[in-house]
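Novice: Mind having a look at this structure? Questions to follow.
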Amino acid sequence: MSKVLIIGAGGQIGSELTYKLREIYGNTNVVASDISFSNLDIVNSGQFELLDAKDYNAVKICVEKYNIDTVYLMAAMLSATGEKYPMQAWDLNTNSLFHVLNLAKEGLIKKIFWPSSIAVFGPTTPTIDTPQHTIMEPTTVYGITKQVGERWCEYYHEQYGVDVRSIRYPGIISWKTMPGGGTTDYAVEIYHEALKKGHYECFLSEDTMLPMMFMDDAIKATVDIMQAPKDAIKIRSAYNLAAISFTPKTIASTIKQHIPDFNITYKPDFRQTIANSWPKSIDDASARADWNWKHDYNLESMTNEMIMQLKKKYPSSEKLSKSL
Ligand code: NAD
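Here it is as structure tokens:
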């Protein structure tokens, strides 16, 4: 049985991954950790450690204390926040990865999951069905840290046999925990605002197409790649991963089917430049072939689920929406 440590467990993806891993491996075999107590559901629902991913000794002590063999490193500074604090983004995103790679190199842990992102691509990358292997010239600090991280993952695997596995997540959409400062955050905020106010002002233009994925699919992919046999994982940088691509205009019209009076306005800000540098759709044939990746949710089924779940959070939204 795996003994798992999740670093950055309080965040949008880390929290849902923690719930899933506790379900699979049992509460006693999963340790959640974060630099803050801000996600009280995670803190109070199982084993939790306050841990700074930048502190090698603290991470090592935690690994030894719980006899951890598998680490999911979910702590990072995301794209939009990274542009405001470039050096902090570089420090957190690269040094936290080195720490867990080195723990594996020293034999203290056996397996690592570290997420990459579509931000590894840049304006010179082909934007439609972006291939697994292609031009990668990211223009954001976040994208640079992810690209560098991918190179180091592959290097540690080739040179030291470290079993590190990675996925280039697209924008992740979920209802449990709010996103943490990325360029695709609009696709979560739009559902909350639609139900709360019937209106959303979008920070991207109406025709900005980006690759996205519902959280349940992202968690399934994360669990699947980690449970796949070692030999099946042929790419040790990071796998392209895709589900759906849409624009703010398309998601708004899907929401309108549930909330007829919903309206959207557009006021692009600095995040438009970041979005313009990223792919519109992703070719994930390698993930599908190597470890049988398959997504379940499309825009319609994701919207049904988001609205159904968020209606419970915003009971007064019943007035705005029509029943499914
Ligand atoms: P998030 O911002 O929601 O959560 C990050 C968590 O890390 C937070 O709980 C934060 O408190 C914690 N953290 C920050 N600094 C820390 C430190 N020094 N030590 C320990 N914990 C610290 O991020 P997320 O959306 O859950 O993303 C998780 C991973 O997935 C990141 O690597 C991110 O780059 C990647 N990713 C996310 C998306 C997305 O759409 N959410 C898309 C592509 C890639």
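Numbering-wise (my numbering), the sequence shown opens with residue 3 and increments by one.
We put the CB at the ideal spot given by N, CA and C, even for glycine.
How many angstroms separate the CA atom of Phe328 from the CA atom of Leu105?
Specialist: Missing from the structure shown is residue 328; the chain here goes from 3 to 326 and no further.
Novice: List the DSSP bridge partners of Glu214.
Specialist: Reading the sequence shown from its first residue, position 212 is the one you call residue 214. The amino acid at residue 214 is misidentified as Glu; the sequence shows Met. Note: Met214 sits in a beta bridge opposite Gly173 and Ile246.
Novice: Do you know offhand how far Ile111's Cα is from Leu312's?
Specialist: The residue labelled residue 111 in the question sits at position 109 within the sequence shown. The residue labelled residue 312 in the question sits at position 310 within the sequence shown. Each residue's alpha carbon lies about 38 Å from the other.
Novice: Count the other CB atoms, across all protein chains shown, that sit within 10 Å of the CB of His135; report buried if there are 16 or more and exposed otherwise.
Specialist: Here residue 135 refers to the residue found at position 133 when the sequence shown is read from its first residue. Classification for His135: exposed.
Novice: Measuring CB to CB, does Asn300 end up less than 9 Å from Ile246?
Specialist: In the sequence shown, the residue the question calls residue 300 occupies position 298. In the sequence shown, the residue the question calls residue 246 occupies position 244. A contact, by the Cβ cut-off of 9 Å.
Novice: Give every residue of the same chain whose Cβ lies closer than 7 Å to the Cβ of Lys232, excluding the five residues on either side of it in the sequence, and list them in chain order.
Specialist: Residue mapping note: residue 232 aligns to position 230 of the sequence shown, counting from 1. The residues are Asp165.
Novice: Check the DSSP bridge columns for Cys336 and list the partner residues they point to.
Specialist: Residue 336 lies beyond the residue range present for the chain, which begins at 3 and ends at 326; the question has no answer from this structure.
Novice: Decide if the stretch 223 to 241 is in contact with the stretch 150 to 168; the criterion is three or more beta carbon pairs, one per stretch, under 8 Å apart.
Specialist: With a cut-off of 8 Å, the stretch 150 to 168 and the stretch 223 to 241 count as touching, because enough Cβ pairs lie within range.
Novice: Taking the beta carbon of Ile120 as the centre, do at least 16 other beta carbons fall within 10 Å, making it buried, or is it exposed?
Specialist: Your numbering for residue 120 matches position 118 in the sequence shown. Under this definition Ile120 is a buried residue.
Novice: From this set, Asp54, Leu243 and Met211, which residue's C-alpha is nearest Ala254's C-alpha?
Specialist: Walking along the sequence shown from the start, residue 254 turns up at place 252. For the residues Asp54, Leu243 and Met211, the minimum Cα distance to Ala254 belongs to Met211.
Novice: Go through the stretch 100 to 127 residue by residue and report every complete run of the alpha helix (DSSP H) that reaches 4 residues or more, in order.
Specialist: Within the stretch 100 to 127, no complete alpha helix (DSSP H) run reaches 4 residues.
Novice: Any idea which residues DSSP pairs Glu51 with across the strands?
Specialist: One-based indexing of the sequence shown puts residue 51 at position 49. DSSP output for Glu51 lists Ser35 as bridge partner(s).
Novice: Can you list, in chain order, the residues of its chain whose CB lies under 7 Å from that of Ser325, leaving out five sequence neighbours each side?
Specialist: Indexing the sequence shown from 1 puts residue 325 at position 323. Low local confidence applies: a pLDDT of 47 at Ser325 is under 50, so the model's placement there is unreliable, with the coordinate-based value given in what follows. Answer for Ser325: no residue qualifies.
Novice: Quick one: Cα of Met304 to Cα of Ser4, how far?
Specialist: For the purposes of this step, residue 304 is identified with residue 302 of the sequence shown, where counting begins at 1. For the purposes of this step, residue 4 is identified with residue 2 of the sequence shown, where counting begins at 1. C-alpha separation (whole angstroms): 31 Å.
Novice: Say whether the stretch 212 to 219 touches the stretch 43 to 56, bearing in mind that this needs 3 or more beta-carbon pairs closer than 8 Å, one atom from each stretch.
Specialist: Touching, no.
Novice: If you count every other CB in all the chains shown that lies within 10 Å of the CB of Phe39, and 16 or more means buried, which is it?
Specialist: Walking along the sequence shown from the start, residue 39 turns up at place 37. That one is exposed.
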